[in-house]
Structure formats: C-alpha cells, structure tokens
Ligand code: ADP
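Residue numbers (this note's numbering): 183 to 489.
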C-alpha cells in the first residue's frame with residue numbers, strides 16, 4: 183500500500199455570508215494538497231500530521247479530514263490549544279484580504295507529539311511532504327528536533343518533499359526564512375518551488391534560474407511552478423519545460439500550487455511519468471482556480487478531472 187504523510191496546519195476559514203452571518207470551511211496549504219491527492223488517487227493512503235484542539239471547531243475539522251478520506255491516526259489533539267483561524271474578505275478593489283488568529287494555534291506544537299515511537303511509525307511511509315508554512319509556524323525551539331526527526335525518516339528511506347511556500351509575515355526576517363529553507367532543500371529528495379517564492383528570497387527571476395539554484399542541493403526531482411507560463415522539471419540531469427494551457431475564467435487562485443503539488447505527487451507515487459504527472463497536476467490546479475476558496479466542490483472537481 184502506497185503511503186504519504188502531509189505535515190502542516192489546517193485552519194478554520196471564515197467568510198461573511200451576510201451582515202450578521204459567518205460561514206466556515208477548512209483550509210491550509212498542506213491540507214489542500216492532501217485533499218486533492220486523495221480525490222485523484224483514492225488507493226493511496228494519505229495521512230495528515232497536525233495538531234488541533236479539543237474544541238468544537240477542531241472536532242469539526244477532524245470530521246472534515248475523515249470525510250475527505252484522509253487518515254487521521256497522526257492528528258493530535260492538544261489539551262489546551264485550539265485550531266488556527268482566518269477571515270477572508272474581498273476589498274472594494276477586488277483584492278483578497280486575510281486576517282489571521284494563528285499565533286497560538288495547536289499546530290505550532292505538532293513537533294512535541296512526534297515522539298520517537300511516532301517517528302518509527304512514520305518510517306513506514308513512501309513520502310513525507312512539508313512546506314515553508316509549517317516550518318515557519320512550529321515553535322522556534324522545536325526546529326532542531328524537527329530536523330532530527332526528518333533525518334531519521336530520510337535514513338529509513340522515506341522520500342522527503344518540500345515546497346517553500348514563502349509567507350513573509352510568518353517569518354521574523356528574510357534571513358530566518360532563508361536559513362530554514364536551506365536546511366529544507368538540503369535534506370529533501372524532491373522540491374516543488376514556485377518562481378515567485380524564490381524570487382523574493384533569492385532574487386531568482388525565471389524558472390530556469392530556479393532550477394540552476396536547485397543544483398547546489400542533492401535533489402533527485404525538481405519541479406518549478408511558474409503560474410500559467412510553464413512548469414519546468416529536472417529529473418537527474420534531464421530538464422523539460424511543460425506548457426500550461428491558461429484558464430480564462432480565473433475566479434480565485436488560492437491553492438493552485440497546492441492542488442498541483444498533491445496531484446503531481448499522487449501521479450508520481452502511482453508510477454506515472456513526469457510528463458503525465460505535470461499534465462494532471464496542472465489540470466487539477468486549472469480546475470481549482472475556477473472555483474472560490476481553497477477546496478473546490480467535490481462533484482465539480484471530479485467531473486473536470488474526468489473530462
Ligand atoms: P502558487 O499557487 O504556488 O503561487 P502558481 O501560481 O505557480 O503557484 O500556480 C500553480 C499551478 O497552477 C501552475 O503550475 C499551473 O499549473 C496552474 N495555474 C496557475 N495559474 C493558472 C492559469 N491562469 N491558468 C491555468 N493554470 C494555472
């Protein structure tokens with residue numbers, strides 16, 4: 183049985199339905215990727231690793247994980263912390279604005295639940311995915327322990343996969359992010375960066391330059407996302423630029439990269455070629471951006487993927 187772990191934070195998403203009513207859903211980059219992988223590749227065991235609370239919204243989040251068929255064995259429930267939350271609004275210029283309540287979320291504590299016993303259980307996976315967002319939010323004093331646990335997984339043969347997903351507001355400084363990202367690139371087997379993330383941190387201007395940047399690490403698979411322009415891959419020494427069919431009806435680009443990551447990796451875990459995996463990942467991303475929010479409705483998503 184093929185098995186992948188996604189480590190990250192899922193949050194409660196609030197949206198105003200009318201002047202006095204809020205609607206809620208659940209989202210977070212790594213969770214979004216897990217959902218889209220499972221929807222496209224149901225035979226893969228897709229597991230979330232995170233910490234939530236024991237509050238009602240955390241319980242609802244856990245139920246949502248289950249209803250998306252995600253394995254929840256490693257969803258830990260912190261006795262006193264609660265799930266992070268954000269409010270999303272669209273301002274008068276049509277720009278999305280986010281207000282976060284996540285500075286004290288349960289997910290910041292996830293590393294303390296990764297005991298040696300748990301890490302031994304995680305070595306059964308084929309892949310372990312993490313991004314720059316969980317890296318940013320885990321307590322600073324648990325980072326060294328986090329890297330040691332990842333080193334144990336790597337030693338056991340688990341493929342480590344990293345997407346930088348740089349969010350400036352989550353880091354004390356650019357240098358702090360660069361220091362942690364360098365560690366992540368160093369330990370990873372597969373990297374799925376977006377050009378935009380690398381351009382802000384490392385002054386990289388193109389997908390080709392992003393691949394050049396990756397050469398200093400021991401990555402076996404590099405996949406660089408560049409919006410509707412292209413996806414550029416390098417496996418071993420072989421580089422390829424893949425064309426993306428631009429979507430004209432873009433409603434909300436939230437989680438385009440997350441959908442791409444989940445479906446690309448699911449395809450690779452299922453033995454598909456890099457070419458096929460990019461096409462499937464791009465199809466999923468192109469579908470998701472035609473719907474509002476991070477998680478597209480199941481029926482519409484499945485329908486689009488089957489066309
Ligand atoms: P992120 O969401 O991480 O910023 P990108 O903007 O690079 O990532 O988008 C991720 C993927 O989404 C791209 O590789 C591409 O496949 C798809 N995508 C993004 N924008 C478009 C678009 N306008 N039309 C079609 N596909 C798109």
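For every residue, glycine included, the Cβ atom is placed at its ideal position computed from N, Cα and C.
Small disclaimer: the values here were computed from a predicted structure and weren't measured.
Pairing residue 233 with residue 208 gives a Cβ-Cβ distance that is not under 7 Å. A direct Cα-to-Cα measurement between residue 446 and residue 422 gives close to 15 Å.
Counted as a single uninterrupted DSSP element, the beta strand (DSSP E) harbouring residue 345 occupies residues 341-345. Counting only runs that start and end inside the stretch 320-376, the alpha helix (DSSP H) elements of at least 4 residues fall at 325-337 and 356-369. In the three-state DSSP reduction, residue 220 falls in the helix class (H, G or I). Checking the 6 Å criterion, the Cβ of residue 468 is within range of a heavy atom belonging to the ligand ADP. An exposed status is given to residue 225, since fewer than 16 other beta-carbon atoms sit within 10 Å of its beta-carbon. Restricting attention to 271, 327, 230 and 350, the CA atom closest to the CA of residue 315 is found in 350. Under DSSP, residue 267 shares a beta bridge with 194 and 283.
Per DSSP, the continuous beta strand (DSSP E) segment holding residue 233 begins and ends at 227-234. With fewer than 16 other Cβ atoms from the protein chains shown falling within 10 Å of its own Cβ, residue 354 counts as exposed. Separation of residue 335 and residue 274 (C-alpha to C-alpha, rounded to the nearest whole angstrom) is 47 Å. Rounded to whole angstroms, the gap between the alpha carbons of residue 377 and residue 183 is 34 Å. Cβ contact annotation for residue 254 (same chain, cutoff 7 Å, sequence separation greater than five): 230, 244, 247 and 248, in chain order. Shown here for residue 263: same chain residues with a beta carbon closer than 8 Å to its own, the five before and five after excluded, namely 233, 235, 286, 287, 288, 290 and 291 in chain order. Secondary structure at residue 454: coil, using DSSP grouped into helix, strand and coil.
For residue 466 against residue 192, the beta-carbon gap comes to about 19 Å, at or over 8 Å, which does not count as contact. Take the alpha-carbon of residue 457 and the one of residue 443: they are about 14 Å apart. By the Cβ test, the stretch 200-220 is not in contact with the stretch 355-368, since fewer than three Cβ pairs between them sit closer than 8 Å. The closest heavy atom of the ligand ADP lies 6 Å or more from the beta carbon of residue 224. Counting C-beta pairs closer than 8 Å gives fewer than three between the stretch 392-406 and the stretch 428-435, which falls short of the contact rule.
Under a 10 Å Cβ-count criterion, residue 459 is classified as buried, with 16 or more other Cβ atoms of the shown protein chains found around its own Cβ. In this chain, residue 207 is not harboured by any alpha helix (DSSP H); it is covered by the beta strand (DSSP E) spanning 203-209.
Bridge pairing for residue 189: 231 and 312 [DSSP]. Ranked by how close their Cα comes to the Cα of residue 346, the residues 185, 190 and 464 have 190 in first place. When the five nearest sequence neighbours on each side are left out, the beta carbons in the same chain lying within less than 8 Å of the beta carbon of residue 368 are those of 399 and 400, in order along the chain.
As the crow flies, the alpha-carbon of residue 338 is around 6 Å from that of residue 305. Where residue 407 is concerned, there is no enclosing alpha helix (DSSP H), although the beta strand (DSSP E) around it starts and stops at 403-408. Not one heavy atom of the ligand ADP falls within 6 Å of the beta-carbon of residue 486.
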